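Keeping their order, the protein sequence lines are chains Z and H. Quick note on our numbering: the first sequence kicks off at 4 and runs consecutively. Quick note on our numbering: the second sequence kicks off at 11 and runs consecutively.
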Amino acid sequence: MTELVAYLVAGIALGSSFALIGSGIVVVHRVTRVVNFAQGSIAVVGGMASASLLSGRLPHGLGELVAVLLSGLVGLVIGVLAIGRRGTPPLISLIITLGASMLISAGIIWLWGQDPVSPPGLGGSVTILGASVERQRLLVLGATLVAFAALGLFFSRSYVGKALTASASNPWAARMVGIDVRRMGLLAFGLAGVLGGLAGVLLAPTNAVSFYSDLPLALSGFAAAVFGGLTSPVRTLLGGIGLGVAGSLTAGYLNGSYQTEVALLLMLLIMIVRSNSFSAEEAK
Amino acid sequence: MLHIDDLVVRYGSAVALDGASLEVGAGEMVALVGPNGAGKSTLINTISGLLEPSSGTVRCEGRVAQVPEGRQMFPDMSVEDNLVLGGWSIRNRDVSEVYDLLPDLAQMRKRKAGRLSGGQQQMVAVGRALMARPDLLAIDELSLGLAPLVVADLAEHLRRLNRERGTAVLLVEQEVSLAFDVCPRACVLEAGRVIAAGPSAELAQSEEVRRAYFGDLAVAATMTGSMTEVSR
């Protein structure tokens, strides 16, 4: 029982990071119809940058904040490359994000080397139902919930958030009322960068990241986003947490190296199960 | 206030507007009529800046807002959010003026726009355009898919808007009788060119209008006195 609780909490924390990465994919896809495959690389940049900044004696909080903002900037640059030129088809933009992901991996190796990095997180642990749980994992869950609540408020209450939603809902009408849909797309890429960076910053203290973490993170985030139909941040959160728990239980009771395979398998199952609703959405 | 001169718009190799010229004065209500494919929507979308002309000029002394064909709502957003976004270009979020002019909108402000009837959506589309405080309201197919009573109500709102605020109206409309009834002046567009312009009452009797809508047979029929049958 104690073991199970520990695996569940670890899975929820891991899944929260997947959900943050996935929600970035959702935000970009809703506004631009582009799947941003560089989202995993951005998370790695966030984790790596926070490690460097904290070791450079920046205090906790500020170091993580700067790393998240830096990730947002990376996201924005990817956006400029992917959709900056007017009329770029979504498929070409998707390939550009794949290329950007590879470029970022090369940059990570150049800047931080090939070894996994794990910055210091929130130390200590608490006992939940007899299981010892790292406080960092609870921080991940708490920060994710706050981030999703803030995201919900941003989209539903703020003027810019409503303009982003309008650009996603009906780009033609959005242009007609004077909203610069391309600029909204860039904003979505920047926002996705912030979400990816936050995921990396929160995840790295408990799960060391390196240049090759990008693909598993991108795949897991994409699986969570697919669970949300590439449109719903809330369902993406649920999908991410489900995926994290499944991966944690697999690692705990079977073998840790199967985690990515589990993510891929789940994504495949979700796509098969949800193929009807995807077809209906396409038909609309 | 709106000056369109020798406008050419192409979709690839297809010519949608072929040297169209048009004037709308301040506070004037002008109808733009013509058959399907004449280039009416292309013209209105070019005026709104949604399409780039290949050549020619569009000059407007004031703000233009468009009520598009098919309403083009943000369907999952509330009526009020649709309205608020209409004021994006001038950062106007005060919906009270629009509610004063179109009180029905205030009653449905929390409903999702996608769940409204066609007439209600058209009302939202007009209200959304008014949020930009336009000097010229360009309306593409006001009556499309709407019941006659709803259209009459919307037409009355337009007249009131023009009367009370001096907003100029360019009304693109398939329903010629409605267009001529609402607008004192009209233009006829055919194959991307304005082929006739003048007072609506005169154009209603014009052969060009009949030819543009019904073809040469209709003109011949008019000459033999059987136009009434064709029109009906």
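Backbone N, C-alpha and C fix where the C-beta goes; we use that ideal spot for every residue, glycine too. None of the values given here were measured: they were computed from a predicted structure.
Residues near residue 32 of chain Z in its chain [Cβ-Cβ closer than 8 Å; skip 5 each side]: Cβ within range, chain order: 38, 39, 228, 233, 234.
Other residues of its chain near residue 100 of chain H: CB distance less than 7 Å, five sequence neighbours each side excluded: Closer than 7 Å at Cβ, skipping near neighbours: 142, 143.
Segments of 4+ residues assigned as alpha helix (DSSP H) that fall wholly inside the segment 50–126 of chain Z: Within the segment 50–126 of chain Z, the alpha helix (DSSP H) runs of at least 4 residues that lie entirely inside it are, in chain order, 65–86, 93–115.
Residue-chain proximity (residue 245 of chain H, chain Z), Cβ-Cβ < 8 Å: The structure shown does not extend to residue 245 of chain H, since chain H is modelled only from 11 through 242, so no value can be given for it.
Integer-rounded CB distance, given that residue 54 of chain H should sit under 8 Å from residue 182 of chain H: Between residue 54 of chain H and residue 182 of chain H the Cβ distance is about 5 Å, and since that is below 8 Å, they are a contact.
Cβ neighbour criterion (16 or more within 10 Å) applied to residue 19 of chain Z: It counts as buried.
is_contact[residue 76 of chain H, chain Z] using C-beta, thresh 8 Å: So yes, residue 76 of chain H belongs to the interface.
Residue interval of the alpha helix (DSSP H) (run including residue 220 of chain Z): Counting along the chain, the alpha helix (DSSP H) containing residue 220 of chain Z begins and ends at 217–230.
Nearest-angstrom beta carbon gap, residue 159 of chain H and residue 136 of chain H [assumed within contact, 8 Å]: Contact check for residue 136 of chain H and residue 159 of chain H: beta-carbon distance about 16 Å, past the 8 Å limit, so the pair fails to qualify.
Beta-carbon proximity list for residue 26 of chain H, same chain, < 8 Å, skipping 5 on both sides: So the list reads 19, 20, 49, 52, 202, once near-sequence residues are dropped.
Simplified DSSP assignment, three categories, for residue 4 of chain Z: The DSSP-derived three-state label of residue 4 of chain Z is coil.
Top-ranked residue by Cα proximity to residue 59 of chain H, from Z:95, Z:139, Z:99, Z:175: If we check each option's Cα against that of residue 59 of chain H, Z:175 comes out closest.
Sub-8 Å separation of residue 44 of chain Z and residue 70 of chain Z beta-carbons: Cβ distance not < 8 Å, so residue 44 of chain Z and residue 70 of chain Z don't count as in contact.
Contacting positions in the segment 175–186 of chain Z - beta carbon closer than 8 Å to chain H: Cβ proximity to chain H below 8 Å picks out 175, 176, 177, 178, 179, 180, 181, 182 from the segment 175–186 of chain Z.
Within 8 Å, strictly: CB atoms of residue 57 of chain Z and residue 202 of chain Z: No, Cβ-Cβ distance for residue 57 of chain Z and residue 202 of chain Z is not below 8 Å.
Distance, residue 95 of chain H Cα to residue 84 of chain H Cα: Taking the straight line joining both Cα atoms gives about 9 Å.
Sub-8 Å separation of residue 26 of chain Z and residue 154 of chain Z beta-carbons: Yes, the Cβ-Cβ distance between residue 26 of chain Z and residue 154 of chain Z is below 8 Å.
Closer than 8 Å to chain Z by CB, residue 155 of chain H: No, because no Cβ of chain Z sits closer than 8 Å to the Cβ of residue 155 of chain H.
Host alpha helix (DSSP H) of residue 28 of chain H (start-end): In this chain, residue 28 of chain H is not harboured by any alpha helix (DSSP H); it is covered by the beta strand (DSSP E) spanning 24–34.
Where residue 238 of chain H falls, given that 16 or more other Cβ within 10 Å makes a residue buried: Its pLDDT being 38, under 50, residue 238 of chain H is placed unreliably in this model, and the coordinates cannot settle the point.
Residues in the segment 159–170 of chain Z having any Cβ partner in chain H nearer than 8 Å: Hits within the stretch, in order: 162, 165, 166, 168, 169.
Cα-Cα separation between residue 85 of chain Z and residue 178 of chain Z, rounded to whole angstroms: For residue 85 of chain Z and residue 178 of chain Z, the gap between their C-alpha atoms comes out near 20 Å.
Helix, strand or coil at residue 78 of chain H according to DSSP, with G and I counted as helix: Of the three classes helix, strand and coil, the one that applies to residue 78 of chain H here is coil, per DSSP.
Min CB distance residue 19 of chain H to chain Z below 8 Å: So no, residue 19 of chain H is outside the interface.
The beta strand (DSSP E) enclosing residue 58 of chain H, as first and last residue numbers: Premise fails: residue 58 of chain H is in no beta strand (DSSP E) and is neither H nor E.
Segment contact, 8 Å Cβ cut-off, at least three pairs: the segment 162–171 of chain Z with the segment 186–198 of chain Z: Yes: the two stretches touch, three or more of their Cβ pairs being nearer than 8 Å.
N- and C-terminal bounds of the beta strand (DSSP E) containing residue 21 of chain H: 12–21 is the extent of the beta strand (DSSP E) around residue 21 of chain H.
Bounding residues of the beta strand (DSSP E) (the contiguous stretch that carries residue 45 of chain H): Unbroken run through residue 45 of chain H: none, as it is neither H nor E.
Exposure label - residue 96 of chain Z; buried when at least 16 CB within 10 Å: Under this definition residue 96 of chain Z is a buried residue.
Proximal residues to residue 81 of chain H (C-beta, below 8 Å), its chain only, five neighbours per side dropped: Here the set comprises 128, 131, 132, 134, 135.
Check whether residue 248 of chain Z and residue 15 of chain Z have beta carbons under 8 Å apart: Yes, the Cβ-Cβ distance between residue 248 of chain Z and residue 15 of chain Z is below 8 Å.
Which residues DSSP lists as bridging residue 208 of chain H, in chain order: In DSSP, residue 208 of chain H forms a bridge with H:196.
beta-carbon residue 153 of chain Z near the ligand ZN non-hydrogen atom, thresh 7 Å: Summarising the ligand content, the structure contains no ligands, and the ligand ZN is consequently not present.
Endpoints, the alpha helix (DSSP H) within which residue 126 of chain H is located: It is not in any alpha helix (DSSP H) - residue 126 of chain H carries neither H nor E in the DSSP assignment.
DSSP-derived helix/strand/coil call for residue 23 of chain Z: If DSSP states are grouped into helix, strand and coil, residue 23 of chain Z belongs with the helices.
Backbone CA spacing between residue 253 of chain Z and residue 12 of chain Z [nearest angstrom]: Near 14 Å, if we compare the C-alpha coordinates of residue 12 of chain Z and residue 253 of chain Z.
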